[in-house]
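Q: Before anything else, here's the structure in question.
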Amino acid sequence: MEDMMQSVSRRTFLRAGAALSGGIISAGMPLSQVIWAAEGKVLEVRSSGDLVTLDPAFLGQAAEVDLTNCIYSKLTRYKPGTEWGWELEAADKIEQVDPTHIRFRLKKGIKFSGDYGELTAKDVKFSFERVIKLNSPIKPQWGSLNHVEVEDDYSGVIVFNAPFAAVWLVPLPYAVGQIVSEAAVRKATKDGGNFGVKPPAFSGPYVLADWKPNQYAL
1 MEDMMQSVSR RTFLRAGAAL SGGIISAGMP LSQVIWAAEG KVLEVRSSGD
51 LVTLDPAFLG QAAEVDLTNC IYSKLTRYKP GTEWGWELEA ADKIEQVDPT
101 HIRFRLKKGI KFSGDYGELT AKDVKFSFER VIKLNSPIKP QWGSLNHVEV
151 EDDYSGVIVF NAPFAAVWLV PLPYAVGQIV SEAAVRKATK DGGNFGVKPP
201 AFSGPYVLAD WKPNQYAL
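Position 89, counted from 1, in the sequence shown is what this note's numbering calls 89; the numbers after and before it change by one each time, with no gaps.
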């Protein structure tokens, strides 16, 4: 058991834990590929709290973050291992072009569920800017974010009012940097508002199939 634990990456452990912390079923890979489920067994993990929201613009609990990391995409994610760092996720390339501008290029072919099409730079713009526009209690995590400029379907520039060094280890790879479908959210809510515990579309490796408060999520 000890040897197996040592071979498990931090990211894989978090993904597996979240899969049952939220009881998520795989959308992009068979359940047998989830850590500790290679023999068809199910990993069950008890969470310290129930879900309040699954909207990345309003997340506040660890259980929510673990679950949403599995159902949404981010430009970057935390690296596995013992040292904190980040690596590309939905972004094919991302770079700081000057102290207040970060240019990104998305990977092609990342799809939203529910026939909402491909994840584009417009979805990135919508997701990041709505945290500010909705006056979310977690908007300080975005620091001095001003807006996102869309260059084409896959490219854009994140613009800040002032240099914000924490962007690389706080908003981008964390929950507030998760990307939602603009079309799906606008259809599900008025003016792109808080959709609570009913995500209208997914783009991560898993989908949320069911949730019963204080009992389970699947």
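Glycine included, C-beta positions come from ideal geometry on N, C-alpha and C.
DSSP three-state call for S181: helix, strand or coil?
A: Within the sequence shown, numbered from 1, the residue matching residue 181 stands at position 181. DSSP places S181 in the coil class of the three-state scheme, outside both helix and strand.
Q: Determine contact between the region 64-83 and the region 135-152, defined as no fewer than three beta-carbon pairs at a distance below 8 angstroms.
A: With a cut-off of 8 angstroms, the region 135-152 and the region 64-83 do not count as touching, because too few Cβ pairs lie within range.
Q: List the residues that DSSP assigns as beta-bridge partners of L88.
A: For the purposes of this step, residue 88 is taken as the residue at position 88 of the sequence shown. Answer is T76.
Q: Check whether the region 102-117 and the region 177-188 are in contact - that is, three or more C-beta pairs closer than 8 angstroms.
A: yes
Q: What three-state label does DSSP hand N146 in the structure shown?
A: Position 146 of the sequence shown, counting from 1, holds the residue named residue 146. Strand, per DSSP.
Q: Measure the alpha-carbon distance for P137 versus F202 and round it to whole angstroms.
A: Position 137 of the sequence shown, counting from 1, holds the residue named residue 137. Position 202 of the sequence shown, counting from 1, holds the residue named residue 202. Taking the straight line joining both Cα atoms gives about 23 angstroms.
Q: How about V65 and A175: are their beta carbons less than 9 angstroms apart?
A: Residue numbering aside, residue 65 sits at position 65 when the sequence shown is read from its first letter. Residue numbering aside, residue 175 sits at position 175 when the sequence shown is read from its first letter. Yes.
Q: Taking only runs that begin and end inside the region 110-141, name each unbroken alpha helix (DSSP H) of 4 or more residues, in chain order.
A: Whole alpha helix (DSSP H) segments, 4+ residues: 121-133.
Q: Measure the alpha-carbon distance for K93 versus V52 and round it to whole angstroms.
A: For this step, residue 93 is matched to residue 93 along the sequence shown. For this step, residue 52 is matched to residue 52 along the sequence shown. Taking the straight line joining both Cα atoms gives about 33 angstroms.
Q: Does the Cβ of T82 have 16 or more other Cβ atoms within 10 Å, making it buried, or fewer, making it exposed?
A: Counting from 1 along the sequence shown, the entry for residue 82 is found at position 82. So T82 ends up on the exposed side.
Q: Use the C-beta contact count for E89: other C-beta atoms within 10 angstroms, 16 or more gives buried, fewer gives exposed.
A: One-based indexing of the sequence shown puts residue 89 at position 89. Per the 10 Å Cβ criterion, buried.
Q: Take V238 as the anchor and find which of Q96, F164, G193 and F126 has the nearest alpha-carbon.
A: Residue 238 lies beyond the residue range present for the chain, which begins at 1 and ends at 218; the question has no answer from this structure.
Q: Whose C-alpha, out of V97, L67, E118 and D55, is nearest the C-alpha of I158?
A: Start at 1 with the first residue of the sequence shown, and residue 158 comes out as number 158. The candidate whose alpha carbon is nearest that of I158 is V97.
Q: Quick check on L67: does DSSP put it in helix, strand or coil?
A: Here residue 67 corresponds to residue number 67 of the sequence shown, with the count starting at 1. Three-state DSSP puts L67 in a helix.
Q: Use the C-beta contact count for P173: other C-beta atoms within 10 angstroms, 16 or more gives buried, fewer gives exposed.
A: The residue given as residue 173 occupies position 173 in the sequence shown. Looking at its Cβ environment, which holds 16 or more other Cβ atoms inside 10 Å, P173 is buried.
Q: Got a sec, what are the start and stop residues for the beta strand (DSSP E) G220 sits in?
A: This structure cannot speak to residue 220, because the chain is shown only from 1 to 218.
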